[in-house]
Structure formats: C-alpha cells, structure tokens
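Enquirer: Here it is, the structure in full.
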Amino acid sequence: MHGAELSNDATFVSSRGDRIALRTPSIAEWTDPRSGQLERWFLPAEDVKLPDGLVGRVVLGATANVVEVPSSSLVRGSDETMVFVLEEGVPKAVPIEVLRDSGTSALVQGELTVGDDVAEDASWIAKDEATGGAP
Numbered sequence: 029m030h031g032a033e034l035s036n037d038a039t040f041v042s043s044r045g046d047r048i049a050l051r052t053p054s055i056a057e058w059t060d061p062r063s064g065q066l067e068r069w070f071l072p073a074e075d076v077k078l079p080d081g082l083v084g085r086v087v088l089g090a091t092a093n094v095v096e097v098p099s100s101s102l103v104r105g106s107d108e109t110m111v112f113v114l115e116e117g118v119p120k121a122v123p124i125e126v127l128r129d130s131g132t133s134a135l136v137q138g139e140l141t142v143g144d145d146v147a148e149d150a151s152w153i154a155k156d157e158a159t160g161g162a163p
C-alpha cells in the first residue's frame, strides 16, 4: 500500500442487535502474500465481558472514495496503476491506488464512484492504446 489505509472503524453487531465498538491492536493485521486476503484481529474498544458462544457480524466503516473493482480490471504500469472507465462510449484511463487486491477483486482509491462502468478485463484496451490500434 502506498499511504492510503482501510478504515479501522469497526462495530460488532450481535445476533440480538447489541452493538459493541471494536478497536484494532497495532499488531493485529496480516495480509496473506499469496491471496492478498487481509486478516485483522479486533478487541472490544472498552473492557466488556462477552458471553461464550456470542454470534454476530463485524461492520467495518467505509473509507472515502474506496471502490471495489475486479482484479482483472487493473492495468499496472511502471509508474502507476489504472482502470478503464467507459465514458460516452469511449474507454478513459483513470489512475488509481490499489489498497488491497485478493486476486479476484481489489479495493482501490481514485477518481471513481460506485456505478462507474469499469472494464472488467482491461488488458485488451491497454494493448490497443499501446499499439495505436495495430494488431
């Protein structure tokens, strides 16, 4: 990662609807180098006794301008990474920063918004631009 981070805001929501604020200890994050999967350990933000067998889900806070795209949409250049967005029928290169990449999908930050028409496999567009359309 190059400076941008995923949000550390997290809340545990029990199956009964109880909400418990969580915190991430400083050494509680690990990224699998093969899959890119992020694993993160959470603790209650305050000293709370949790019952055995507690079931629920963790809700993570959103980070501004973070969008999920297919990993196959990433075009990695020597200086920057980009995706192609269809704008008025024409592919437009949009520089982005990859925050996490699982190999299937990636969390990216840049001038993208949810709903943008991102090319799912941009390799052919990048090759076409590099060759000026020549085969």
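Going left to right, the sequence shown walks through residues 29 to 163 as my numbering numbers them. Here a beta-carbon is modelled for each residue, glycine too, at the ideal position from N, C-alpha and C.
Go through its chain and collect everything with a Cβ distance to Ser133's Cβ below 8 Å, but skip five positions before and after it.
Expert: Taking the first residue of the sequence shown as position 1, residue 133 is located at position 105. So the qualifying residues of the chain are Glu96, Val97, Pro98, Ser99.
Enquirer: Who are Trp58's beta bridge partners in DSSP?
Expert: Taking the sequence shown and counting its residues from 1, the one referred to as residue 58 is at position 30. The partner list for Trp58 (beta bridge, DSSP) reads Glu67.
Enquirer: Per DSSP, Ser42 is paired with what?
Expert: Here residue 42 is taken as the residue at index 14 of the sequence shown, counted from 1. Note: Ser42 sits in a beta bridge opposite Gly84.
Enquirer: Spatial neighbours of Val83 within its chain, please: C-beta separation below 6 Å, excluding the five flanking residues on both sides.
Expert: Position 55 of the sequence shown holds residue 83. Closer than 6 Å at Cβ, skipping near neighbours: Ser43.
Enquirer: So who's on the other strand from Lys120, going by DSSP bridges?
Expert: Here the question's residue 120 lines up with position 92 in the sequence shown. Answer by DSSP bridge pairing, in chain order: Val113.
Enquirer: Out of Ser151, Asp107, Val122, Gly81, which has the shortest C-alpha to C-alpha gap to Glu139?
Expert: The count along the sequence shown starts at 1 and reaches residue 139 at position 111. Glu139 has its Cα closest to that of Val122, out of Ser151, Asp107, Val122, Gly81.
Enquirer: Along the chain, where does the beta strand (DSSP E) containing Val21 start, and where does it finish?
Expert: No statement about residue 21 is possible, as the shown extent of the chain runs from 29 to 163 and does not include it.
Enquirer: With a cut-off of 8 Å on the beta carbons, I'd call Val5 and Ala147 a contact; round off their distance for me.
Expert: There is simply no residue 5 to check, as the chain begins at 29 and stops at 163 in what is shown.
Enquirer: Our contact map puts Gln137 next to Ile153 with C-beta atoms below 8 Å; I'd like the distance itself, whole angstroms only.
Expert: One-based indexing of the sequence shown puts residue 137 at position 109. One-based indexing of the sequence shown puts residue 153 at position 125. Going by Cβ atoms, the distance from Gln137 to Ile153 rounds to 21 Å, so no, they are not a contact pair.
Enquirer: Would you decide whether Val126 is buried or exposed? Buried here means 16 or more other CB atoms lie within 10 Å of its CB.
Expert: As a first step, residue 126 must be located in the sequence shown, where it is residue number 98. Classification of Val126: buried, given that the 10 Å Cβ count is 16 or more.
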